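Each protein sequence line maps, in turn, to chains A and B.
Everything in the first sequence is counted per the UniProt record's numbering, starting at 1 for the first residue and increasing by one.
Everything in the second sequence is counted per the UniProt record's numbering, starting at 1 for the first residue and increasing by one.
To start, the structure under review is shown below, and the notes come after it.
Protein chains: 2
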Amino acid sequence: MKHSIATVSLSGMLPEKLRAIAAAGFDGVEIFENDLLYYEGSPADVKSICQDLGLEIFLFQPFRDFEGMPRERLTKNLHRAEKKFELMHELGVDRMLLCSNVQNNCIKDDTMIMDDLYAIAEKAALHNIKVGYEALAWGAHVNSYRHAWSLVKEIDHPNLGMILDSFHTLSIKDDLTELAYIPKEKIFFVQLADAPLMKMDVLEWSRHFRCFPGQGQFNLQYFLAPILVAGYEGPLSLEIFNDEFRAAPTEQTACYARRSLLYLEELTRNHLQYNYITAHQSLFSPAPVAQYESVAFLEFAVDESARTELNHWFEQLGFQKTGQHKSKDVSLYQQGDINLVLNSEPDSFAQHYYAIHGPSLCASAFKVSNAEQALTRAKQYGCHTYEGRLGPKEQFIPAILAPDGSLQYFLDNAADIHQTDFFSKPNDQVAYLNSIDHFAIGIPPETMDIWTLHFKSIFGFVTEHELTLADPYGLMKSKVVRSIDSTVRIPLNISENKHTSIARSFTAYRGSGLQHVAFSTKDIFETVAKLQENNLKLLKIPENYYEDLSAKFDLDEQFLNKLQAHNLLYDEDEKGGAMLHVYSEIFGNRFFFEILQRFNGYSQYGANNTPVRLTAQRAANN
Amino acid sequence: MKHSIATVSLSGMLPEKLRAIAAAGFDGVEIFENDLLYYEGSPADVKSICQDLGLEIFLFQPFRDFEGMPRERLTKNLHRAEKKFELMHELGVDRMLLCSNVQNNCIKDDTMIMDDLYAIAEKAALHNIKVGYEALAWGAHVNSYRHAWSLVKEIDHPNLGMILDSFHTLSIKDDLTELAYIPKEKIFFVQLADAPLMKMDVLEWSRHFRCFPGQGQFNLQYFLAPILVAGYEGPLSLEIFNDEFRAAPTEQTACYARRSLLYLEELTRNHLQYNYITAHQSLFSPAPVAQYESVAFLEFAVDESARTELNHWFEQLGFQKTGQHKSKDVSLYQQGDINLVLNSEPDSFAQHYYAIHGPSLCASAFKVSNAEQALTRAKQYGCHTYEGRLGPKEQFIPAILAPDGSLQYFLDNAADIHQTDFFSKPNDQVAYLNSIDHFAIGIPPETMDIWTLHFKSIFGFVTEHELTLADPYGLMKSKVVRSIDSTVRIPLNISENKHTSIARSFTAYRGSGLQHVAFSTKDIFETVAKLQENNLKLLKIPENYYEDLSAKFDLDEQFLNKLQAHNLLYDEDEKGGAMLHVYSEIFGNRFFFEILQRFNGYSQYGANNTPVRLTAQRAANN
């Protein structure tokens with residue numbers, strides 16, 4: 001389907017916005033009136049910029065507070081409308097958004113409102129303009145599409161139709177069934193916005209917290225499906241008021257905006273198929289999501305000195321160096337199902353990454369059911385791919401760029417890099433650590449929505465509820481993205497404050513970076529004893545924490561003493577699950593390691609213990 | 001009265017918080033449990049730190065989810081309470097905050113809840129602990145102080161009393177009259193928090209948006225007065241959950257926290273006196289607010305080159321250099337009632353300010369009814385004063401430090417620095433500009449509450465409603481502080497985003513700084529013609545803006561053409577007032593000048609035109 005976006009959804013000056021919109025592959029735009037008003041060029045200039053960029057202007061918006069005003073204002077309002085119709089001709093757009101009146105003095109009389117709407121439709125007809133009426137969720141009288149449609153239907157004027165907006169409909173939890181019964185020629189335009197569910201004033205919610213489809217908590221496919229069933233074939237358009245996007249890099253926002261529409265198309269197609277309704281032919285249909293089985297390996301960019309140091313940490317953690325790359329300065333460490341890679345190959349991707357970010361996670365690799373399929377899907381979604389240089393007999397591993405420019409590899413059973421690319425030896429040590437339970441990334445706060453859309457659209461992952469957690473110097477928020485069956489789990493951490501641990505690691509990394517890797521074990525006491533024997537430095541937990549545990553939970557004193565002796569943290573969930581976990585000290589103000597054991601299906605991440613961990617880390621590192 | 005603050009109100013590690021609290025002059029603290037749990041020392045260590053700092057521990061908090069739980073939990077909960085009582089003994093505190101149960105499975109039965117409260121009171125008696133019961137606004141069953149009091153009164157146990165919290169009471173708009181009838185021995189503690197009025201979930205509101213008394217929109221004196229009438233003589237304690245404070249500099253936050261309690265005491269004293277109730281003897285009673293008559297002068301820190309350049313701008317604006325300081329490198333510019341000062345005196349406050357901030361406003365001076373009184377009041381509020389070095393026969397001008405370290409002078413009729421300190425000549429030019437209408441300061445976003453409290457407490461100013469305005473690269477917010485009769489008006493501007501105009505000027509200033517000075521004129525067309533004749537560069541306003549004006553307002557075409565020819569902006573308010581205003585270009589990416597004329601009592605600041613101004617400025621400066 002055709003894709004459109006309102007200029008208000010992006011930051012920047014109007015020409016900059018239009019260039020980014022065209023570059024992201026949109027077919028056209030809604031011109032938000034203020035963007036035009038504040039622009040130094042004429043409407044004809046804007047028309048010509050759009051033509052040069054291959055963008056159609058689908059809509060001019062908004063026209064406000066028109067219908068049901070005290071009678072003396074009607075003539076003025078019609079005059080105002082005509083002025084805008086003239087401007088629209090210069091712009092080369094034939095569709096205007098008229099939003100329902102929000103003024104206190106709006107007269108709540110359907111007959112009068114219909115008279116007014118008829119009057120503007122007649123004026124619009126003279127100018128060959130189509131006026132789309134949109135019910136705002138906070139409209140003074142008309143605040144649902146159903147009310148708006150009852151008026152538009154009754155008026156039945158060819159120049160008056162409906163503009164349907166997902167936010168205004170889903171925010172008031174309106175009944176969606178009538179959407180399917182609006183004749184397609186009466187649907188003048190469709191605007192799409194997602195949003196996180198929030199208990200707040202709907203106007204504030206709408207003005208500041210809308211986001212792209214897939215980034216919020218609305219089920220937008222339930223909104224779009226009946227509109228497509230009604231036969232709508234016009235553009236799908238994004239109208240997003242969002243404080244972060246207003247300040248975010250224009251081109252990147254436009255790119256993810258476009259991807260969000262593809263994602264919504266796919267969701268809607270699936271939803272229609274699930275309900276045995278023939279899907280709209282033109283709906284985006286990428287390769288299905290591959291199955292994500294595990295984290296295949298994590299690759300660290302290092303220099304000589306960091307390699308030596310991390311090699312030492314890995315050994316203390318019980319890893320064995322089991323492979324040396326045949327042609328590159330790359331080593332492989334192994335324990336249980338865990339593979340870690342240290343890369344210090346000159347002039348490689350890793351070393352370019354190191355030059356910017358220092359010792360850091362430069363690539364994460366995922367074991368998938370079908371790597372080619374995963375890559376195809378990513379490409380179809382417009383994701384950038386990466387192809388490194390290959391040595392003789394080396395295997396090609398499909399890779400894409402994550403939002404921060406690090407690599408994400410897809411490996412399937414066909415790939416056995418240990419055999420092809422490495423001189424390998426078997427691991428002959430006992431494995432205390434078994435697998436990567438999760439790994440957490442610290443990202444800039446304004447990129448959270450981009451990252452979640454990346455994992456949802458390309459990987460088919462789901463997100464868990466965002467948590468807010470106390471750092472001694474501010475707040476952090478954490479949102480987990482994970483594969484549906486939890487085989488891969490990645491907490492994404494952000495902080496808006498300047499002096500939190502995450503903010504400190506941002507500074508060290510100059511951008512986003514690994515926060516920690518959590519390894520699972522099958523006997524945490526034995527494992528921790530072994531790690532202590534290896535002199536791995538564990539984060540010291542204050543005694544007061546254990547006093548509180550004894551007040552909070554039914555734990556016997558002997559057990560508590562054992563926890564304390566091992567610096568182990570304890571958490572329970574509401575379903576009777578429990579977790580024991582322990583942290584290493586921090587590697588160079590950057591990342592650290594966690595060792596954990598889950599009991600009785602505990603499915604959380606020990607977030608209750610995050611504040612004590614953050615405070616203890618600060619005490620240790622100040 | 002005694003002053004206290006909960007440790008959760010500040011950022012940092014526990015000892016750091018306690019040191020800041022003592023330094024700010026508090027008498028004691030509430031220990032927030034998590035601060036203790038995460039601390040590496042023992043409760044006895046905390047007790048001894050407090051003793052060394054001269055701080056009393058008034059309260060241990062919170063104890064949660066105790067009463068009305070399913071019966072099998074009661075024993076566990078009492079066990080938990082006893083553990084905490086033991087810990088409290090180590091801490092040396094005899095009062096615990098028990099907040100009303102918020103769990104879904106809380107049994108909504110007053111009789112059962114009273115049994116449970118009686119049980120904990122009995123246990124507390126054994127440990128010589130007093131349990132204060134506090135109704136949380138989102139309590140599952142008990143959510144008002146009146147409900148809590150009906151239970152506590154009925155139980156009538158000496159170890160069970162009330163904790164009254166302004167947020168939980170005022171957020172639900174509860175009736176305050178019963179507060180005066182709680183016997184003083186039953187009021188175990190009083191917690192105070194202000195908040196901006198927000199339409200949102202009360203729990204979220206409470207957890208993230210509380211602020212210090214005087215910084216929000218609650219009338220805290222209406223809450224505190226009846227409690228004092230009841231005879232309460234215990235500490236006034238701040239319990240503030242605020243995302244900004246959690247990340248703000250600990251010492252500065254503690255300082256303003258203390259000042260907010262003094263301010264609340266003054267407000268409460270006035271409120272009681274107004275109602276013919278004898279005020280609590282110990283309530284803070286500073287010198288009354290002086291009357292603020294005008295901005296006496298604005299002083300710019302400059303070097304040679306900025307002095308030359310600004311001298312030129314001032315001349316273009318129609319100012320005349322009318323004075324040269326007798327002993328310092330300081331010149332005075334004058335027009336109408338406006339005085340501007342350029343200071344490049346070596347080794348002066350201005351030059352130290354210049355060294356950090358570059359060309360900037362280093363001092364603002366206010367004409368007051370009584371300068372000594374204004375200074376006394378500021379001192380009583382703990383404000384830092386400043387005394388510069390004086391030359392022979394020079395006058396001493398009382399000055400205090402603003403929150404950003406710039407100076408604020410108080411001048412009254414006794415002061416005539418023009419005569420004493422300057423070689424002056426009379427201004428022989430026609431005055432086109434008459435007075436300083438307002439001057440706006442850009443400040444770091446986390447300091448907005450500090451600035452407003454500064455102006456409210458020291459100056460007795462009021463604040464206007466905060467506005468959110470669109471910059472092409474993000475949002476800015478603006479809140480006006482002004483004298484009651486609007487003789488002095490200062491918009492405070494903030495932006496959370498990195499690339500807005502305000503953020504850009506922050507970078508230039510390395511901190512807060514002047515955004516613009518608005519001069520009023522009595523004939524704006526004549527004035528602008530004169531300024532254009534003087535070659536003052538005005539900000540060019542796009543033509544589209546005037547097209548829109550003609551659609552929006554009843555303005556004839558000739559008038560509109562005249563506006564456009566002068567780059568004048570137009571605004572109307574709802575009461576029929578109007579304003580015409582024009583902007584200069586920006587001086588070195590820092591500040592600019594506005595010339596305005598108000599009609600028919602227009603009392604706003606043309607904020608409707610701020611977005612077009614910001615966009616035009618960006619277009620001119622990119």
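Ideal Cβ positions, reconstructed from N, Cα and C, are used throughout, including at glycine.
Remember, predicted model here, so these are calculated numbers, not experimental data.
Closest Cα partner of residue i within the set the options
i: S344 of chain A; options: A:Y353, A:I338, A:G336 and A:V330; result: A:V330
i: G161 of chain B; options: B:E82, B:K130 and B:E178; result: B:K130
i: A135 of chain B; options: B:H127, B:I172, B:I120 and B:A121; result: B:I172
i: R618 of chain B; options: B:N600, B:A140, B:E585 and B:F396; result: B:E585
i: A620 of chain A; options: A:D109, A:P196, A:M69 and A:N589; result: A:N589
i: Q436 of chain A; options: A:G336, A:S501, A:Y232 and A:Y386; result: Here residue 436 of chain A is Ile; the residue named in the question, Gln, does not match the sequence. Minimum Cα distance to I436 of chain A is reached at A:G336.
i: A140 of chain B; options: B:V480, B:K108 and B:K186; result: B:K108
i: L539 of chain B; options: B:I595, B:D571 and B:C211; result: B:I595
i: A363 of chain B; options: B:Q373, B:N370 and B:G388; result: B:G388
Residues near residue i by beta carbon distance below 7 angstroms, same chain, minus five either side
i: V488 of chain A; result: Y292, S294, V295, F366 and R482
i: E16 of chain A; result: T250
i: I227 of chain B; result: L164, L179, I187 and V190
C-beta neighbour in chain B for residue i, strict 7 angstroms
i: P62 of chain A; result: no
i: P286 of chain A; result: no
i: N544 of chain A; result: yes
i: E40 of chain A; result: yes
i: R71 of chain A; result: no
Same chain only: Cβ atoms within 8 angstroms of residue i, ignoring 5 sequence neighbours per side
i: E543 of chain B; result: Q564
i: L236 of chain A; result: M1, K2, H3, S4, V190, L192, L224, L261, L264 and E265
i: T376 of chain A; result: P286 and A287
i: Y386 of chain B; result: F349, A399, I400, L401 and L407
Own chain, CB closer than 6 angstroms to residue i, minus 5 neighbours either side, in chain order
i: I524 of chain B; result: L580 and Q597
i: Y545 of chain A; result: V612
i: L14 of chain B; result: D35 and Y39
i: H271 of chain B; result: Q221 and A225
i: L568 of chain A; result: L580 and V582
Helix, strand or coil at residue i [DSSP, three-state]
i: R590 of chain A; result: coil
i: A607 of chain A; result: helix
i: V582 of chain A; result: strand
i: A399 of chain A; result: strand
i: N534 of chain B; result: coil
i: F167 of chain B; result: helix
i: I155 of chain B; result: helix
i: F223 of chain A; result: helix
i: V29 of chain A; result: strand
Strand pairing of residue i, partner residues [DSSP]
i: R482 of chain B; result: B:V462 and B:R489
i: H127 of chain B; result: Per DSSP, none; premise fails for H127 of chain B.
i: K477 of chain B; result: B:T468 and B:I494
i: Q334 of chain A; result: A:Q320 and A:N339
i: K367 of chain A; result: A:S294 and A:L411
i: G161 of chain A; result: A:G132
i: residue 624 of chain A; result: Nothing can be reported for residue 624 of chain A, as the shown portion of chain A is limited to 1 through 622.
C-beta neighbour in chain A for residue i, strict 7 angstroms
i: N497 of chain B; result: yes
i: K83 of chain B; result: yes
i: D548 of chain B; result: yes
i: D201 of chain B; result: yes
i: S11 of chain B; result: yes
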